[in-house]
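Under my numbering, residues 30 to 848 are what the sequence shown spells out, in order.
Here a beta-carbon is modelled for each residue, glycine too, at the ideal position from N, C-alpha and C.
Here the structure is a predicted model, which is why all the values come from computation and not from measurement.
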Amino acid sequence: MAGPRVVIIGAGIVGTALADELTMRGWTDVTVVEQGRLWAPGGSTSHAPGMFFQTNGSKTMTAFAQYTVGKYAGLELDGRWCFRHIGSIEVARTPARLTDLHRRHEWATSWGLESRLLDPGEVQRLFPLIDPDAILGGYHVPSDGITVGSRVNEAQGRRAIDRGARFVEGTQVTGIRTVRGRVTAVETDSGELACDLVVCAAGFWGPRIGSLVGVTIPLQPLAHTLVKSGPLPELARFAIDPGDQSIHPIIRDQDVDMYYRELVDRIWFGSYGHEPQPVSAWDIRSHAEAAPEMPSVLPFTAELFEPSRRHAGELMPALRGAPLAEGFNGIFSFTPDGFPLMGESPEVRGFWVAEAVWFTHSAGVSRELAEWLVTGAPSLDLHECDLNRFERHQLTADYVRTRGIQNYVEVYDVIHPLQPMEDPRPLRVAPFHVREQALGACFLESAGWERPQWYEANASLLDRYAADVPGRGQWASRHWSPIAGAEALATRDGVALYDITTLKRIVVDGPGALAFLDRLTTNRLDRPVGAVVYTLLLDPAGGIVSDLTIARLAEDRFQVGANGPVDVAWLRRHAPEDGTVRIEDVSAGTCALGLWGPRAREVIAPLVHGDVSNAAHPYFTALSTEIGFVPVTMLRLSYVGELGWEIYADADMGLKLWDTIWEAGQAHGLVAAGRAAFTSLRLEKGYRSYGADMTSEHDPWEAGLGFAVKLDKGEFVGRDALVRRRSAGPRRRLVPLVLDDPEAVVMGKEPVLVDGRPAGYVTSAAFGFRVGRSIAYAWLPSDAATVGRRVEVAYFGDRLGAAVAEEPLYDPGMSRLRA
């Protein structure tokens, strides 16, 4: 099959790899348009140092890198290698970095990447120029290595051409024609190219291409310093073959923001340890006209590099005083959260993006995008990379610039899983924010929202609960307080108020709303007005795209509780074009509180203009009513496993809503509680969190969510794939582990060992204060996911004993929820 007509904009490593992957799958009507020359078009592909470090805290990013390394290692060009496995070493100068190398080793173990930790002597034996007295240890990945950008680019381009793809160089894209919101052609200075799909793989020129169709591509180009030393006698003695380029591992010295690789008898080293140098994508165009061969390179700034040069001499004495033969500032792309940009624009059908992709991940990203285009679903979970993941404020030019710069500064920093971006803040605040501040809330950030983690005003709760809140290790203690444990217990024993405004709220209405939602989701939605349903969105392969809570507020009006902007884009992309369905993200104009605990009804009943008894308003039903002067929608739900309600109101009435409930609740011991308590309570109850516990790589039965699937309801997206997957049976399962040591609280992504061998990984973890156990949910092979099975969790070099537990750990009879 020739497939649809595809135009890829950009013949850098991503565009060329994508042409290779598409033609490999039978789509051969592919045209790649490049403004520069083949196969070194002048973007970052042309100047990138070609170093591959595969380890990443993201399972998806590591998988991208693993595929890229495997693919490039199997390529050659005219008998020359395209990738060499020379290995990598990350060194530690500080105890904090050495500890972090243990974490990186555990990530690698979780994701199936071979690695090991080294002492200083072992580091020097692998790279003799390193002074072992300058470091405390290292981390080694044997399969990492090097490439030559133009060579691997050409190798893939030739393969694509052999299958029918066409590459057009020296051609400027001047416009993209659309008809009724769909791409129909790419306009160039050499004529028009009719097409069905456009993929923007233009690198840091991406924002310019996106602007041609009104699509924001949120990346910030920044320049950083790369330098080649003059010849070094210390390397000359190894007589490295110029064709090999390097025989010793590539090096990262992240404590000082530097990296190194050999180049025969020289060292090529780069630094992020200088003032950020942001560049406008539009300014790069002007620079391209002045420097057409290499527009991605700016002049060397010796004064910015001088501190890094000193650091280099500390690590490798041979570099002290060594001449610098060449230097420049190379431009790379940074996004607001550090992940690539992939997927179809929500505004323009047929306009796809593969942007902000580093060489290390290039083939992996291209493979997944090709799978997505050809089959309708990628094989890897891409929620971290989806173009549509950003809120509107995150697409503003100032936000993209500020966060891009901060990501540059922190590119090699040790980042705690809960550590929020500090600038710009605050951006989004719930109407209760002033009351939360008065209670001493400790705020972290979520999608720009200031979200309380715990409240200092609750410190007195420790007088009652301190014995039930054990200590924890240094890492797990960051961005946490024992007050959070007391808040969790106060919720179980009494009643607590939670700010849940960060939850995404979507209204879907219109005469076609029911049929539309029923076709997209797994559960049965044709239920009476007032019913609330937990359901799933699936991709065509049966993987979980999201989980939703849908309340039927009227015959043709539904409130959808979702996970983020990707869900909004998913719904809009699948909506009928006949106007029978309207989809509105109402999150910014509304607010939400969770009132939960065994005394919740005592607080709310006197305030509500209606009956909130269990008989009149049972579990998983909705009620439109008033609380005092405030019109509200109340959903009888509880993500913490206690009696209670999610309460929604317009944002302008939010402060009044808080004050009304707060005042009434004081007689019943009402406290405010934060996200840390919430996480503990949900894990005690076994509730999943999309993106952490399950993703599109998992099906509902593996994830323990089969109850939300009704195969007999009729057709829905992913149903056929589910039928096939169910008949095969689950290969793995998501299960709760309870750790032997109550003070050992892990954070997620740690490897789980069965019979001493890596078998799975932790997803979410917290201490369960009512069950008195440290809990870690984890994916394990089905044959190991049996209750009572002994396992170990690797954590900063230790092996923590644990056992698979039966879930839920708390209130298995559901009596408290249905009280």
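- Between the Cα of ALA331 and those of MET345, PRO307, GLY342 and HIS303, spot the shortest distance and give me the residue it belongs to. HIS303
- Message: In whole angstroms, give me the CA-to-CA distance for GLY670 and SER709.
- Response: 11 Å
- Message: Less than 8 Å between the C-beta atoms of THR213 and VAL62, yes or no?
- Response: no
- Task: Could you have a look at MET682 and say whether DSSP puts it in helix, strand or coil?
- Result: helix
- May I have the straight-line CA-CA distance separating GLN185 from LEU398, to the nearest angstrom? 16 Å
- Task: Could you tell me whether the segment 199-214 touches the segment 162-174, using the rule of 3 or more Cβ pairs below 8 Å?
- Result: no
- Message: Excluding the 5 residues flanking ALA705 on each side, which residues of the same chain have their C-beta closer than 7 Å to its C-beta?
- Response: GLN482, TRP483, TRP509 and ALA513
- Measuring CB to CB, does ALA231 end up less than 8 Å from GLY359? no
- Task: Please name the residue in ARG180, ARG133, ASP107 and ARG109 whose C-alpha comes closest to that of GLU119.
- Result: ARG133
- Message: Suppose you measure from the CA of PRO124 to the CA of LEU165; what does that come to, to the nearest Å?
- Response: 7 Å
- Beta-bridge pairing of THR550 - partner residues as DSSP gives them: LEU566
- Grab the span of the alpha helix (DSSP H) containing SER616 for me, first residue to last. Taken as a continuous stretch (DSSP letters only), SER616 belongs to no alpha helix (DSSP H), as it is neither H nor E.
- Cβ of ILE579 within 8 Å of Cβ of LEU554? yes
- When the Cβ atoms of the segment 178-197 are set against those of the segment 63-82, are three or more pairs found closer than 8 Å? yes
- Query: Could you give the distance in angstroms between the alpha-carbon of VAL820 and the alpha-carbon of PHE82?
  - Reply: 30 Å
- Message: Output needed for HIS697: all residues of its chain with C-beta closer than 8 Å, excluding positions within five of it in sequence on either side, in chain order.
- Response: GLY523, VAL524, ARG628, GLU631 and VAL632
- Write down every uninterrupted run of the beta strand (DSSP E) in the segment 270-356 whose length is 3 residues or greater and which is fully enclosed by it, in chain order. 279-282, 287-292, 295-300 and 326-328
- Which value, in whole angstroms, describes the spacing of the CA atoms of ASP286 and TYR96? 26 Å
- Message: Between ALA495, PRO446 and ASN487, which has its C-alpha nearest LEU473's C-alpha?
- Response: PRO446
- Flag this pair as touching only if the segment 452-469 and the segment 260-275 have three or more C-beta atom pairs under 8 Å; answer yes or no. no
- Query: If you draw a straight line from the C-alpha of ALA848 to the C-alpha of GLU143, how long is it?
  - Reply: 51 Å
- Starting from ASP576, follow its DSSP beta bridges and name the residues at the other end. LEU565
- So, using beta-carbon positions, are GLU731 and PRO759 closer together than 8 Å? yes
- Message: So within the segment 152-220, which uninterrupted alpha helix (DSSP H) runs reach at least 4 residues, ignoring any that extend past its ends?
- Response: 178-191
- Query: Can you name the residues that DSSP bridges to VAL589?
  - Reply: ILE535 and ILE579
- Item | Reduced DSSP secondary structure (H/G/I, E/B, other) of GLY830 | strand
- Using the C-alpha atoms, what's the distance from ILE444 back to GLY167? 18 Å
- Same chain, Cβ closer than 8 Å to THR52, five either side skipped, listed in chain order: VAL59, ARG188, ALA189, ARG192, GLY193 and ALA194
- Whose C-alpha, out of LEU327, THR84, PHE419 and ALA163, is nearest the C-alpha of THR245? PHE419
- Message: Check this for me: beta carbons of ILE159 and MET345, under 8 Å apart or not?
- Response: yes
- Item | ILE690 versus LEU491, LYS100 and ALA621, residue with shortest Cα-Cα distance | ALA621
- Query: Using the C-alpha atoms, what's the distance from SER300 back to THR662?
  - Reply: 54 Å
- Does DSSP put GLN64 in a helix, in a strand, or in coil? coil
- Query: Taking one C-beta from the segment 102-112 and one from the segment 795-805 each time, how about it: are there three or more such pairs within less than 8 Å?
  - Reply: no
- Message: On the CB-based measure, 16 or more other CB atoms within 10 Å of its CB, does PRO250 come out buried or exposed?
- Response: buried
- Below 8 Å between beta carbons: does that hold for VAL641 and ALA634? yes
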